[in-house]
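Here is the structure we will look at, set down as structure tokens.
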Amino acid sequence: MPSFAAIISILFDGLAYAMVLFIISVGLSITMGLMGFVNLAHGAFAMAGGYLVVSLTRSLGIPFLPALVIAAVIVGAASIPFERILYSRLYKATELDQVLLTIGLAFMSIAVCTMIYGPAPLTIRLPSILTGQLDIGVRTVPTYRAFVIVVGVVLIAVLWYTFERTNIGAKIRAAVDNRRMAQSIGINVDRLFTLTFALGSGLAALGGGLAVQTFGLTPSFAVLYLVFFLLIVSVGGLGSLKGTLVASIVLGVFDVGGKYLTPEAGGFFIYALALAILLVKPAGLYGRE
Amino acid sequence: MTAVLQIEKLNRNFGALKVTRDVDLTLERGARRALIGPNGAGKTTLINLITGGLTPTSGRVLLNGEDITKTSQAERARRGIARTFQINQLFRGISVLENICLAIGERTGACNNLWRPAGASAGIIDEAFGYLESLRLADDALRLVRELPYGRQRLVEIAIALAQQPRVLLLDEPAAGVPSSESHLILDVVDSLDPEIAILIIEHDMDVVFRFARQITVLVAGAVFTEGTPDEIKHNPQVRAVYLGEEVHGEQAAGQGATHHG
Amino acid sequence: MAASDVTTAGPDDRRARARAFIERRHRIRLGEIVPWLLIAAVFFIFPDRTTFGTQVLIAIMFALSLDLILGYAGIVTLGHAAFFGIGAYTVAILSARLGWGEPISMLFAAAVLAGIGGLISGWFLLRYRGLTLLMLTLATAVLLQEFGNYRSDITGGYDGVPGMEIWKLLGVFENDLWGHNYYIYTAIVLFVVFIVVRHIIYSPFGQALVGIRENVRRMHAIGSPVHRRLVISYTIAAAIAGIAGALFAESTAYTTLGVFDFDNSAKVMVMLILGGTGRLYGAFAGATIYMILEDEFSKAFPEYWQFGIGLVLVLTVLFARRGLLGLFEDVAQYFRRSKS
Numbered sequence: 001m002p003s004f005a006a007i008i009s010i011l012f013d014g015l016a017y018a019m020v021l022f023i024i025s026v027g028l029s030i031t032m033g034l035m036g037f038v039n040l041a042h043g044a045f046a047m048a049g050g051y052l053v054v055s056l057t058r059s060l061g062i063p064f065l066p067a068l069v070i071a072a073v074i075v076g077a078a079s080i081p082f083e084r085i086l087y088s089r090l091y092k093a094t095e096l097d098q099v100l101l102t103i104g105l106a107f108m109s110i111a112v113c114t115m116i117y118g119p120a121p122l123t124i125r126l127p128s129i130l131t132g133q134l135d136i137g138v139r140t141v142p143t144y145r146a147f148v149i150v151v152g153v154v155l156i157a158v159l160w161y162t163f164e165r166t167n168i169g170a171k172i173r174a175a176v177d178n179r180r181m182a183q184s185i186g187i188n189v190d191r192l193f194t195l196t197f198a199l200g201s202g203l204a205a206l207g208g209g210l211a212v213q214t215f216g217l218t219p220s221f222a223v224l225y226l227v228f229f230l231l232i233v234s235v236g237g238l239g240s241l242k243g244t245l246v247a248s249i250v251l252g253v254f255d256v257g258g259k260y261l262t263p264e265a266g267g268f269f270i271y272a273l274a275l276a277i278l279l280v281k282p283a284g285l286y287g288r289e
Numbered sequence: 001m002t003a004v005l006q007i008e009k010l011n012r013n014f015g016a017l018k019v020t021r022d023v024d025l026t027l028e029r030g031a032r033r034a035l036i037g038p039n040g041a042g043k044t045t046l047i048n049l050i051t052g053g054l055t056p057t058s059g060r061v062l063l064n065g066e067d068i069t070k071t072s073q074a075e076r077a078r079r080g081i082a083r084t085f086q087i088n089q090l091f092r093g094i095s096v097l098e099n100i101c102l103a104i105g106e107r108t109g110a111c112n113n114l115w116r117p118a119g120a121s122a123g124i125i126d127e128a129f130g131y132l133e134s135l136r137l138a139d140d141a142l143r144l145v146r147e148l149p150y151g152r153q154r155l156v157e158i159a160i161a162l163a164q165q166p167r168v169l170l171l172d173e174p175a176a177g178v179p180s181s182e183s184h185l186i187l188d189v190v191d192s193l194d195p196e197i198a199i200l201i202i203e204h205d206m207d208v209v210f211r212f213a214r215q216i217t218v219l220v221a222g223a224v225f226t227e228g229t230p231d232e233i234k235h236n237p238q239v240r241a242v243y244l245g246e247e248v249h250g251e252q253a254a255g256q257g258a259t260h261h262g
Numbered sequence: 001m002a003a004s005d006v007t008t009a010g011p012d013d014r015r016a017r018a019r020a021f022i023e024r025r026h027r028i029r030l031g032e033i034v035p036w037l038l039i040a041a042v043f044f045i046f047p048d049r050t051t052f053g054t055q056v057l058i059a060i061m062f063a064l065s066l067d068l069i070l071g072y073a074g075i076v077t078l079g080h081a082a083f084f085g086i087g088a089y090t091v092a093i094l095s096a097r098l099g100w101g102e103p104i105s106m107l108f109a110a111a112v113l114a115g116i117g118g119l120i121s122g123w124f125l126l127r128y129r130g131l132t133l134l135m136l137t138l139a140t141a142v143l144l145q146e147f148g149n150y151r152s153d154i155t156g157g158y159d160g161v162p163g164m165e166i167w168k169l170l171g172v173f174e175n176d177l178w179g180h181n182y183y184i185y186t187a188i189v190l191f192v193v194f195i196v197v198r199h200i201i202y203s204p205f206g207q208a209l210v211g212i213r214e215n216v217r218r219m220h221a222i223g224s225p226v227h228r229r230l231v232i233s234y235t236i237a238a239a240i241a242g243i244a245g246a247l248f249a250e251s252t253a254y255t256t257l258g259v260f261d262f263d264n265s266a267k268v269m270v271m272l273i274l275g276g277t278g279r280l281y282g283a284f285a286g287a288t289i290y291m292i293l294e295d296e297f298s299k300a301f302p303e304y305w306q307f308g309i310g311l312v313l314v315l316t317v318l319f320a321r322r323g324l325l326g327l328f329e330d331v332a333q334y335f336r337r338s339k340s
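Sequence lines, in order, name chains A, B and C.
For the first sequence, this note's numbering assigns the number 1 to the initial residue and increments by one for each residue that follows.
For the second sequence, this note's numbering assigns the number 1 to the initial residue and increments by one for each residue that follows.
For the third sequence, this note's numbering assigns the number 1 to the initial residue and increments by one for each residue that follows.
Okay, here's the thing in structure tokens:
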């Protein structure tokens with residue numbers, strides 16, 4: 001049996017990991033749920049966020065926190081032309097076409113990042129306030145992870161409020177639930193999708209920026225973690241905020257725990273678990289049947 | 001007369017919504033029954049329950065006295081229930097002839113063969129061609145389905161069902177979406193179908209219904225409102241009130257739609 | 001002339017013409033000899049490139065197996081590398097751990113094991129379509145990879161299986177330095193596999209697969225056991241992918257868990273899409289062109305290569321959805337029309 005301290009460590013690290021996974025995956029979940037669009041380029045937006053944060057902090061000397069926000073805004077805005085020009089043409093196409101288009105985009109993004117930044121992994125210089133350890137009573141933990149958890153919790157609160165309490169959130173939920181119905185009661189689903197797409201890509205970029213420190217950043221980021229993001233989204237249930245959160249936490253904590261306790265078998269059990277959930281509940285934990 | 005298809009106390013709910021309520025219906029050999037009712041009465045749902053595309057919440061479906069309520073859709077089709085769809089469900093990327101050959105191949109089990117070339121079975125091609133000739137589709141045999149005008153595609157829809165050699169044939173608005181200049185062709189075809197087949201037709205055009213059907217079932221809000229011969233239905237004041245009255249408006253709307261098409 | 005044609009074309013003529021058309025479809029056309037002539041020509045013209053040629057032939061076989069399920073049955077999978085990997089590891093484990101290195105019997109073993117993998121996973125997975133199926137196939141491939149990683153004491157993990165000993169072909173032909181023997185061996189296996197796939201495609205079963213691709217609802221309605229048909233085709237495709245993987249492991253005497261990568265699944269799909277799906281020779285054209293381009297550019301200009309592949313994919317989806325062969329047909333038709 002692992003010690004109490006080890007369990008706390010696993011939970012804490014797992015939670016920090018889960019927050020990054022959630023922030024990146026949530027946009028993917030909403031766009032896939034809303035339009036049924038298979039977006040394999042979502043990881044590329046996260047990667048773009050990571051590299052932007054690197055550039056902003058290193059070359060322009062912008063501090064880490066504002067750099068995160070700026071990167072998210074830039075990527076979110078930059079994703080709009082992609083959605084309008086490329087994605088929107090394939091909403092009614094087969095999933096194969098969507099897969100091919102977005103794999104193509106992911107490949108191109110990898111190539112561009114390699115050209116600009118080279119293939120070697122990059123790191124970010126964190127502000128001193130985020131380095132070091134933090135005493136949380138039972139144990140000291142890395143400050144950066146605590147910071148990631150705080151950011152995650154704040155974002156969850158904001159997203160939850162936007163989704164459940166605002167007009168735009170109600171529209172998104174209605175459209176995820178039944179697009180045609182939403183359209184017929186006068187919701188402009190196209191514009192709604194552009195908006196959520198930009199929001200989702202921006203969040204992915206934010207998550208990408210946060211992930212640099214923990215995941216490491218290389219051009220293959222765009223595809224390397226994609227499988228994991230896709231699994232989280234489908235295990236949670238497409239279009240479900242709650243589902244994505246639960247799946248992120250379950251898979252994140254299990255992954256960290258698995259790697260901590262049985263480094264060899266960890267990955268295997270996490271995918272076995274995900275596959276088992278999908279076989280029993282193909283629409284995901286909180287998806288519509 | 002022997003009953004080929006029997007439906008007993010069939011119910012289907014979607015959540016709290018009761019789409020089919022306690023429906024009893026019998027089709028005898030050679031039956032010509034029309035299923036009418038306002039939009040949303042659950043007519044297509046009933047067809048889906050009969051073919052197995054949907055499972056009923058409760059009740060039974062019997063084919064030749066055998067309970068098939070739990071039988072899969074494909075198995076029911078193999079036992080002789082065929083249907084056409086309100087919106088074409090065709091193999092659009094292959095030729096008309098191959099569409100029919102496929103239905104025959106699945107009926108006879110030829111499609112279990114992985115090795116013998118499909119073109120080697122002259123019997124299947126001849127049989128398929130027979131259906132095409134009887135539906136006046138022979139000239140289009142080698143054209144891709146997606147290249148045909150919609151009206152001709154509706155005929156392919158029926159031809160596939162016939163190629164299944166069904167004992168029960170369920171026609172879901174066979175002339176839907178076809179300009180009236182062409183719909184008579186489809187209805188002629190429907191009129192001349194094998195008298196042995198039990199046919200249930202969903203149709204909105206009352207002229208067609210009264211011409212074709214020997215019995216009519218009126219479905220309202222998922223339940224059987226009344227049943228009877230065309231004469232009885234025509235003169236039933238309640239039916240006129242709940243259904244035929246509304247249909248007059250419906251027909252006008254459809255007529256306008258058709259002129260836009262043409 | 002035309003008018004008399006119409007009057008004499010009785011119903012029997014129409015029927016005969018239709019029958020002739022259907023009967024002729026599966027006959028071997030003259031043009032079909034071209035790829036095989038090219039495969040033979042490469043052997044004599046580029047004798048020093050046969051090692052690379054072998055890898056091209058393997059890629060063709062892998063893409064061909066995908067065409068059977070993706071191009072014909074319309075099963076979209078993101079995990080086809082799983083079966084290639086099973087095949088490769090069958091050879092690796094037999095030859096490095098169990099002391100059996102006979103190449104041809106190992107191909108059979110690989111086909112059987114990959115086929116079993118296809119049968120089991122297909123039976124569970126092929127109830128689903130669309131997004132769910134994409135995720136499930138993806139997860140299956142990753143699961144196998146992670147299992148390999150878990151038991152890296154057997155698989156050697158990402159460093160590869162050490163000490164694979166592949167015996168001589170038929171006890172006589174060694175995998176020589178230039179790879180001549182393996183080129184011939186692989187070409188023969190590809191031909192056999194091709195014949196099998198070609199038969200299936202033109203069989204009534206193959207027609208049923210096309211029916212499932214074109215309209216699965218109607219297939220249920222005409223009584224087709226859709227799930228069974230899909231599982232059978234998936235099993236066959238898995239077995240062929242397994243043979244391709246086995247040939248890869250035998251020809252290079254090397255394999256790592258990288259064969260299960262998502263990249264590998266994506267790559268074979270790109271090859272097939274590039275050549276054209278559901279057209280039998282699309283796999284030949286796509287895999288060959290992809291492999292040659294990759295060989296030319298991927299080492300010298302890796303970024304440009306990846307960018308180019310991505311761009312080609314995007315352009316293909318937007319403008320040439322039927323692949324290179326489809327594009328070729330369109331161009332040919334365009335010129336034929338403008339001439340007449």
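By construction, the Cβ of each residue, glycine as well, lies at the ideal position given by its N, Cα and C atoms.
- Taking all protein chains shown into account, decide if A:THR262 is buried (16 or more other Cβ within 10 angstroms of its Cβ) or exposed. exposed
- Item | In DSSP terms, what A:GLN301 is bridged to | Nothing in the structure corresponds to residue 301 of chain A, since chain A is present only between 1 and 289.
- From B:THR55 to B:ARG12, what distance separates their C-alpha atoms? 8 Å
- Inter-residue Cα distance where the pair is C:ARG127 and A:LEU34: 23 Å
- Could you name the residues of chain B that C:PHE21 contacts, counting a contact when the two beta carbons are closer than 7 Å? LEU142
- Query: With DSSP run on the structure shown, which of helix, strand or coil describes A:ILE23?
  - Reply: helix
- Item | Counterpart residues of B:ASN13 in DSSP-defined beta bridges | B:LYS18
- From this set, C:ARG129, C:LEU66 and C:TYR89, which residue's C-alpha is nearest C:THR255's C-alpha? C:TYR89
- Bridge-paired residues (DSSP) for A:GLN133: A:PRO142
- B:ARG60 - containing beta strand (DSSP E), residue span: 58-63
- Message: Using the Cβ count rule (16 or more neighbours within 10 Å means buried), how would you classify B:VAL4?
- Response: buried
- Message: Quick check: is the beta carbon of B:ILE197 nearer than 9 Å to any beta carbon in chain C?
- Response: no
- Which residues in chain C sit within 9 Å of A:GLY36, going by Cβ to Cβ distance? GLY130 and LEU131
- Item | Three-state secondary structure (DSSP) of B:VAL190 | helix
- Hey, B:LEU142 and C:PHE21 are a contact pair by Cβ (cut 8 Å); roughly how many whole angstroms apart? 6 Å
- Query: Which residues bound the alpha helix (DSSP H) around B:ASP126?
  - Reply: 122-134
- Task: Closer than 6 Å by C-beta to C:GLN145: which residues in its own chain qualify, once you throw out the five before and the five after it? Chain order, please.
- Result: LEU257 and PHE260
- Query: So what does DSSP say about A:VAL253, is it helix, strand or coil?
  - Reply: helix
- Message: Starting from B:ILE36, trace the beta strand (DSSP E) in both directions and tell me its first and last residue.
- Response: 32-36
- Contact with chain A by C:SER152, beta-carbon distance below 9 Å: yes
- Endpoints, the alpha helix (DSSP H) within which B:GLN73 is located: 73-78
- Please list, in chain order, all residues of the same chain as A:VAL53 whose beta carbon is under 7 Å from its beta carbon, the five residues on each side excluded. ALA67, LEU68, ALA71, ILE124, GLY209 and VAL212
- Query: Any Cβ of chain B within less than 9 Å of the Cβ of C:PHE108?
  - Reply: no
- Task: Note down, in chain order, all residues in the stretch 304-319 of chain C with a beta-carbon under 9 Å from any beta-carbon belonging to chain A.
- Result: TYR304, TRP305, GLN306, PHE307, GLY308, ILE309, GLY310, LEU311, VAL312, LEU313, VAL314, LEU315, THR316, VAL317 and LEU318
- Item | Terminal residues of the beta strand (DSSP E) in which C:PHE124 lies | Counting along the chain, C:PHE124 falls outside any beta strand (DSSP E), though it belongs to the alpha helix (DSSP H) covering 103-125.
- Item | Interface flag, C:THR7 vs chain B, CB-CB below 9 Å | Only weak support exists for where C:THR7 lies, its pLDDT of 44 falling under 50; the value from the coordinates is given anyway. Output row for C:THR7: interface = no.
- Task: Would you mind working out which of C:PRO302, C:LEU325 and C:ALA81 sits nearest A:ASN119, comparing C-alpha positions?
- Result: A quick correction: the sequence has Pro, not Asn, at residue 119 of chain A. Nearest option by C-alpha distance: C:PRO302.
- Message: Between which two residues does the alpha helix (DSSP H) holding B:ASP172 run?
- Response: Looking at the DSSP string, B:ASP172 is not in any alpha helix (DSSP H); the run it does join, the beta strand (DSSP E), is 168-172.
- Return the residue from the list A:TYR161, A:TYR271 and A:ALA48 that minimises the CA-CA distance to A:PHE221. A:ALA48
- Item | Chain-ordered chain C contacts of A:PRO282 [CB-CB under 7 Å] | TYR128 and THR132
- Beta-carbon proximity list for B:ARG167, same chain, < 6 Å, skipping 5 on both sides: VAL4 and GLY80
- By a C-beta neighbour count over all protein chains shown, 10 Å radius and 16 as the cutoff for buried, is C:GLN342 buried or exposed? With chain C running from 1 to 340 in the structure shown, residue 342 of chain C is simply not present.
- Message: Which residue marks the beginning of the beta strand (DSSP E) containing B:ARG83, and which one marks its end?
- Response: 81-83
- Hey, could you find the ends of the beta strand (DSSP E) C:VAL259 is sitting in? That residue, C:VAL259, is in no beta strand (DSSP E); it is neither H nor E in DSSP.
- Of all the alpha helix (DSSP H) runs that stay within the bounds of the stretch 186-222 of chain A, which reach a length of 4 or more residues? 189-215
- Message: Residues of chain B with CB closer than 8 Å to the CB of C:ALA208, please, in chain order.
- Response: LEU102, GLY105, GLU106 and CYS111
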